[in-house]
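> Take this structure first; my questions come after.
In the UniProt record's numbering, the protein residues as written are 1 to 284.
Shown next, in the form of C-alpha coordinates:
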(Lines of atoms letter the chains of each structure in order from A; the text may use other names.)
(Lines give C-alpha, C1' and ligand atoms only; values in the text may rest on other atoms or scores of the structure.)
Protein backbone atom coordinates (compact mmCIF):
# COMPACT_ATOMS: atom_id res chain seq x y z
CA UNK A 1 0.00 0.00 0.00
CA UNK A 2 1.44 3.34 -1.05
CA UNK A 3 1.65 6.21 1.38
CA UNK A 4 1.48 9.88 0.55
CA UNK A 5 4.02 10.88 3.21
CA UNK A 6 7.19 12.30 1.78
CA UNK A 7 10.52 11.11 3.07
CA UNK A 8 13.12 13.78 3.64
CA UNK A 9 16.67 13.70 4.90
CA UNK A 10 16.75 15.23 8.38
CA UNK A 11 20.48 15.99 8.24
CA UNK A 12 22.72 16.41 5.22
CA UNK A 13 25.89 14.29 5.24
CA UNK A 14 29.15 16.21 5.72
CA UNK A 15 31.15 17.21 2.65
CA UNK A 16 34.88 16.69 3.02
CA UNK A 17 36.17 19.35 0.65
CA UNK A 18 38.34 21.50 2.92
CA UNK A 19 41.91 22.46 2.03
CA UNK A 20 44.85 22.75 4.44
CA UNK A 21 44.27 26.49 4.61
CA UNK A 22 40.51 26.30 5.12
CA UNK A 23 40.93 23.64 7.81
CA UNK A 24 43.03 26.02 9.88
CA UNK A 25 40.69 28.92 9.18
CA UNK A 26 37.71 26.92 10.43
CA UNK A 27 39.62 25.89 13.56
CA UNK A 28 40.52 29.52 14.24
CA UNK A 29 36.85 30.52 13.94
CA UNK A 30 35.90 27.87 16.50
CA UNK A 31 38.52 28.94 19.05
CA UNK A 32 37.77 32.65 18.57
CA UNK A 33 34.03 32.07 19.04
CA UNK A 34 34.58 30.15 22.28
CA UNK A 35 36.98 32.77 23.62
CA UNK A 36 34.45 35.52 22.86
CA UNK A 37 31.67 33.66 24.68
CA UNK A 38 33.85 33.11 27.74
CA UNK A 39 34.89 36.79 27.69
CA UNK A 40 31.22 37.84 27.68
CA UNK A 41 30.43 35.56 30.62
CA UNK A 42 33.38 36.82 32.67
CA UNK A 43 32.60 40.44 31.88
CA UNK A 44 28.91 40.14 32.72
CA UNK A 45 28.84 37.90 35.80
CA UNK A 46 30.16 38.60 39.27
CA UNK A 47 31.46 35.71 41.35
CA UNK A 48 28.73 36.15 43.96
CA UNK A 49 26.07 36.06 41.25
CA UNK A 50 27.43 33.08 39.29
CA UNK A 51 24.81 30.44 38.56
CA UNK A 52 24.28 27.47 36.30
CA UNK A 53 22.14 29.57 33.95
CA UNK A 54 24.46 32.56 33.49
CA UNK A 55 27.82 30.76 33.70
CA UNK A 56 27.55 27.07 32.82
CA UNK A 57 24.76 27.13 30.27
CA UNK A 58 26.62 29.37 27.76
CA UNK A 59 29.57 26.93 27.92
CA UNK A 60 27.27 23.98 27.22
CA UNK A 61 25.60 25.70 24.27
CA UNK A 62 28.97 26.57 22.75
CA UNK A 63 30.29 23.02 23.23
CA UNK A 64 27.24 21.51 21.55
CA UNK A 65 27.99 23.55 18.44
CA UNK A 66 31.78 23.41 18.34
CA UNK A 67 32.26 19.71 19.16
CA UNK A 68 30.39 18.68 16.02
CA UNK A 69 32.59 20.98 13.91
CA UNK A 70 35.76 19.80 15.61
CA UNK A 71 35.02 16.14 14.93
CA UNK A 72 34.80 16.86 11.21
CA UNK A 73 38.04 18.84 11.17
CA UNK A 74 39.93 16.09 13.02
CA UNK A 75 38.44 13.31 10.91
CA UNK A 76 40.69 14.32 8.02
CA UNK A 77 43.84 13.33 9.95
CA UNK A 78 43.22 9.58 9.82
CA UNK A 79 41.15 9.14 6.65
CA UNK A 80 41.87 11.75 3.97
CA UNK A 81 43.91 10.42 1.02
CA UNK A 82 46.00 13.62 0.58
CA UNK A 83 48.96 13.79 2.97
CA UNK A 84 49.04 17.61 3.14
CA UNK A 85 45.41 17.68 4.26
CA UNK A 86 46.07 15.00 6.88
CA UNK A 87 49.00 17.05 8.14
CA UNK A 88 46.87 20.18 8.32
CA UNK A 89 44.26 18.27 10.29
CA UNK A 90 46.96 17.22 12.76
CA UNK A 91 48.04 20.86 13.04
CA UNK A 92 44.41 21.78 13.70
CA UNK A 93 44.31 19.24 16.51
CA UNK A 94 47.29 20.95 18.13
CA UNK A 95 45.58 24.33 17.69
CA UNK A 96 42.41 23.09 19.36
CA UNK A 97 44.16 21.36 22.26
CA UNK A 98 46.35 24.43 22.86
CA UNK A 99 43.22 26.59 22.85
CA UNK A 100 41.57 24.29 25.38
CA UNK A 101 44.59 24.49 27.67
CA UNK A 102 44.40 28.29 27.46
CA UNK A 103 40.68 28.27 28.21
CA UNK A 104 40.85 25.99 31.22
CA UNK A 105 43.84 27.90 32.58
CA UNK A 106 41.72 31.04 32.97
CA UNK A 107 41.41 31.91 36.63
CA UNK A 108 38.56 34.36 35.97
CA UNK A 109 36.28 31.66 34.55
CA UNK A 110 37.50 29.09 37.08
CA UNK A 111 36.41 31.32 39.97
CA UNK A 112 32.93 31.62 38.47
CA UNK A 113 32.60 27.86 37.93
CA UNK A 114 34.04 27.19 41.39
CA UNK A 115 31.39 29.48 42.86
CA UNK A 116 28.63 27.56 41.07
CA UNK A 117 30.06 24.26 42.38
CA UNK A 118 30.15 25.62 45.94
CA UNK A 119 26.53 26.76 45.71
CA UNK A 120 25.49 23.36 44.34
CA UNK A 121 27.13 21.64 47.31
CA UNK A 122 25.16 23.83 49.68
CA UNK A 123 21.96 23.25 47.68
CA UNK A 124 21.64 26.96 46.90
CA UNK A 125 21.02 26.15 43.25
CA UNK A 126 19.46 22.68 42.90
CA UNK A 127 20.10 20.99 39.55
CA UNK A 128 19.15 17.64 38.08
CA UNK A 129 21.62 14.75 38.20
CA UNK A 130 22.79 15.22 34.61
CA UNK A 131 23.51 18.92 35.15
CA UNK A 132 25.36 18.19 38.40
CA UNK A 133 27.43 15.54 36.66
CA UNK A 134 28.41 17.97 33.91
CA UNK A 135 29.20 20.69 36.47
CA UNK A 136 31.55 18.40 38.41
CA UNK A 137 33.21 17.23 35.21
CA UNK A 138 33.70 20.82 34.02
CA UNK A 139 35.21 21.80 37.36
CA UNK A 140 37.65 18.88 37.22
CA UNK A 141 38.80 19.96 33.76
CA UNK A 142 39.98 23.27 35.23
CA UNK A 143 41.79 21.47 38.04
CA UNK A 144 43.41 18.94 35.69
CA UNK A 145 44.85 21.79 33.60
CA UNK A 146 46.38 23.26 36.75
CA UNK A 147 43.95 26.08 37.40
CA UNK A 148 43.86 25.12 41.06
CA UNK A 149 47.60 25.83 41.39
CA UNK A 150 47.86 29.08 43.35
CA UNK A 151 51.37 30.11 42.27
CA UNK A 152 51.13 31.99 38.96
CA UNK A 153 54.61 31.03 37.70
CA UNK A 154 54.06 27.36 38.54
CA UNK A 155 50.67 27.45 36.85
CA UNK A 156 52.17 28.90 33.66
CA UNK A 157 54.90 26.25 33.71
CA UNK A 158 52.26 23.55 34.09
CA UNK A 159 50.27 25.01 31.19
CA UNK A 160 53.34 24.91 28.92
CA UNK A 161 53.98 21.29 29.86
CA UNK A 162 50.38 20.33 29.12
CA UNK A 163 50.65 21.86 25.65
CA UNK A 164 53.87 19.94 25.05
CA UNK A 165 52.17 16.73 26.21
CA UNK A 166 49.31 17.24 23.76
CA UNK A 167 51.75 17.80 20.90
CA UNK A 168 53.74 14.67 21.80
CA UNK A 169 50.60 12.54 21.84
CA UNK A 170 49.55 13.94 18.47
CA UNK A 171 53.01 13.35 16.96
CA UNK A 172 53.04 9.74 18.14
CA UNK A 173 49.58 9.15 16.69
CA UNK A 174 50.58 10.76 13.42
CA UNK A 175 53.64 8.52 13.15
CA UNK A 176 51.42 5.52 13.76
CA UNK A 177 48.90 6.54 11.08
CA UNK A 178 51.55 7.44 8.52
CA UNK A 179 53.70 4.36 9.11
CA UNK A 180 53.86 2.06 6.07
CA UNK A 181 56.35 -0.58 7.26
CA UNK A 182 55.27 -4.11 8.08
CA UNK A 183 56.37 -7.22 9.94
CA UNK A 184 58.34 -9.79 7.95
CA UNK A 185 58.25 -13.45 9.05
CA UNK A 186 60.00 -16.55 7.74
CA UNK A 187 57.98 -19.50 6.39
CA UNK A 188 58.99 -21.50 9.47
CA UNK A 189 57.54 -18.80 11.73
CA UNK A 190 54.27 -19.10 9.80
CA UNK A 191 54.08 -22.86 10.20
CA UNK A 192 50.50 -23.95 10.69
CA UNK A 193 48.88 -21.34 8.47
CA UNK A 194 46.81 -22.82 5.62
CA UNK A 195 48.37 -22.67 2.14
CA UNK A 196 45.43 -20.60 0.90
CA UNK A 197 46.56 -17.80 3.25
CA UNK A 198 50.30 -18.25 2.63
CA UNK A 199 49.76 -17.94 -1.12
CA UNK A 200 48.27 -14.47 -0.65
CA UNK A 201 51.26 -13.12 1.31
CA UNK A 202 53.92 -11.02 -0.39
CA UNK A 203 57.48 -12.37 -0.39
CA UNK A 204 60.11 -9.97 0.92
CA UNK A 205 63.04 -8.76 -1.15
CA UNK A 206 66.48 -7.94 0.22
CA UNK A 207 67.10 -7.23 3.86
CA UNK A 208 63.96 -6.43 5.83
CA UNK A 209 65.71 -5.96 9.14
CA UNK A 210 65.14 -2.80 11.17
CA UNK A 211 63.11 -1.39 13.99
CA UNK A 212 59.55 -0.23 13.60
CA UNK A 213 58.49 3.27 14.62
CA UNK A 214 62.02 4.26 15.64
CA UNK A 215 61.09 7.92 15.25
CA UNK A 216 58.53 7.69 18.04
CA UNK A 217 60.93 6.31 20.65
CA UNK A 218 62.30 9.68 21.90
CA UNK A 219 58.82 11.22 21.65
CA UNK A 220 57.31 8.44 23.73
CA UNK A 221 60.10 8.66 26.30
CA UNK A 222 59.54 12.41 26.74
CA UNK A 223 55.79 11.86 26.88
CA UNK A 224 56.04 9.33 29.72
CA UNK A 225 58.35 11.56 31.75
CA UNK A 226 56.15 14.62 31.23
CA UNK A 227 53.03 12.71 32.25
CA UNK A 228 54.70 11.73 35.49
CA UNK A 229 55.98 15.27 36.13
CA UNK A 230 52.64 16.98 35.52
CA UNK A 231 50.83 14.44 37.70
CA UNK A 232 53.21 15.15 40.58
CA UNK A 233 52.75 18.90 40.09
CA UNK A 234 49.05 18.38 40.81
CA UNK A 235 49.80 16.33 43.92
CA UNK A 236 49.35 12.83 42.48
CA UNK A 237 52.02 10.13 43.02
CA UNK A 238 51.98 9.17 39.32
CA UNK A 239 50.11 9.57 36.02
CA UNK A 240 47.94 6.52 36.61
CA UNK A 241 46.67 7.93 39.90
CA UNK A 242 45.82 11.21 38.18
CA UNK A 243 43.90 9.57 35.33
CA UNK A 244 41.87 7.35 37.66
CA UNK A 245 41.16 10.03 40.27
CA UNK A 246 37.67 10.67 38.87
CA UNK A 247 36.89 7.07 37.88
CA UNK A 248 34.82 4.48 39.71
CA UNK A 249 38.00 2.59 40.58
CA UNK A 250 40.11 5.37 42.06
CA UNK A 251 43.85 4.88 42.30
CA UNK A 252 46.36 2.14 41.44
CA UNK A 253 45.82 0.25 44.70
CA UNK A 254 42.10 -0.18 44.09
CA UNK A 255 42.84 -1.51 40.61
CA UNK A 256 45.44 -3.92 41.97
CA UNK A 257 43.04 -5.13 44.67
CA UNK A 258 40.26 -5.65 42.13
CA UNK A 259 42.53 -7.62 39.79
CA UNK A 260 43.80 -9.73 42.68
CA UNK A 261 40.21 -10.52 43.69
CA UNK A 262 39.32 -11.51 40.12
CA UNK A 263 42.47 -13.62 39.82
CA UNK A 264 41.74 -15.44 43.08
CA UNK A 265 38.19 -16.20 41.99
CA UNK A 266 39.16 -17.25 38.46
CA UNK A 267 42.20 -19.40 39.30
CA UNK A 268 40.26 -22.55 40.38
CA UNK A 269 38.04 -22.34 37.29
CA UNK A 270 41.07 -21.90 35.03
CA UNK A 271 42.79 -24.91 36.60
CA UNK A 272 39.64 -26.99 36.21
CA UNK A 273 39.36 -26.05 32.51
CA UNK A 274 43.06 -26.81 32.00
CA UNK A 275 42.76 -30.27 33.55
CA UNK A 276 39.65 -30.97 31.48
CA UNK A 277 41.49 -30.02 28.28
CA UNK A 278 44.45 -32.24 29.22
CA UNK A 279 42.17 -35.21 29.88
CA UNK A 280 40.35 -34.71 26.58
CA UNK A 281 43.64 -34.54 24.67
CA UNK A 282 44.68 -37.91 26.17
CA UNK A 283 41.56 -39.56 24.80
CA UNK A 284 42.06 -37.97 21.38
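Don't be surprised by glycine CBs; every beta carbon is placed ideally from N, CA and C.
Under DSSP, the alpha helix (DSSP H) around residue 76 begins and ends at which residues?
Counting along the chain, the alpha helix (DSSP H) containing residue 76 begins and ends at 57-79.
> With a CB to CB cut of under 8 Å and the five nearest residues on each side skipped, what residues in its chain are close to residue 298?
Shown here, the chain extends from 1 to 284; a query on residue 298 therefore has no answer.
> Count the other CB atoms, across all protein chains shown, that sit within 10 Å of the CB of residue 29; report buried if there are 16 or more and exposed otherwise.
Classification of residue 29: exposed, given that the 10 Å Cβ count is below 16.
> Within a Cβ cutoff of 6 Å, which residues of the same chain sit near residue 107, ignoring the five residues on either side of it in sequence?
No residues qualify anywhere along the chain.
> Along the chain, where does the alpha helix (DSSP H) containing residue 36 start, and where does it finish?
Counting along the chain, the alpha helix (DSSP H) containing residue 36 begins and ends at 20-44.
> Label residue 78 either buried or exposed according to how many other C-beta atoms from any shown protein chain fall within 10 Å of its C-beta, with 16 as the threshold for buried.
Residue 78 comes out exposed.
> If distances are taken between C-alpha atoms only, which option among 167, 282, 139 comes closest to residue 55?
Among 167, 282, 139, the Cα nearest to that of residue 55 is on 139.
> With a CB to CB cut of under 6 Å and the five nearest residues on each side skipped, what residues in its chain are close to residue 237?
Cβ neighbours of residue 237 beyond the five flanking positions: none.
> Compare the beta carbon distance of residue 92 and residue 43 with 7 Å and say whether it is the shorter of the two.
No.
> Who are the Cβ neighbours of residue 111 in its own chain at under 7 Å, not counting the five residues just before and after it?
Result list for residue 111: 47, in chain order.
> Would you call the region 80-89 and the region 134-154 touching, i.e. three or more CB-CB distances under 8 Å?
Output reads no: the region 134-154 does not touch the region 80-89.
> Nearest-angstrom Cα distance between residue 127 and residue 276?
Their Cα atoms are separated by approximately 56 Å.
> For the alpha helix (DSSP H) containing residue 89, name the first residue and the last one.
Counting along the chain, the alpha helix (DSSP H) containing residue 89 begins and ends at 83-103.
> Could you tell me which uninterrupted alpha helix (DSSP H) segments, each at least 4 residues in length, are contained entirely in the region 222-279, listed from first to last along the chain?
The region 222-279 contains these whole alpha helix (DSSP H) runs: 239-243.
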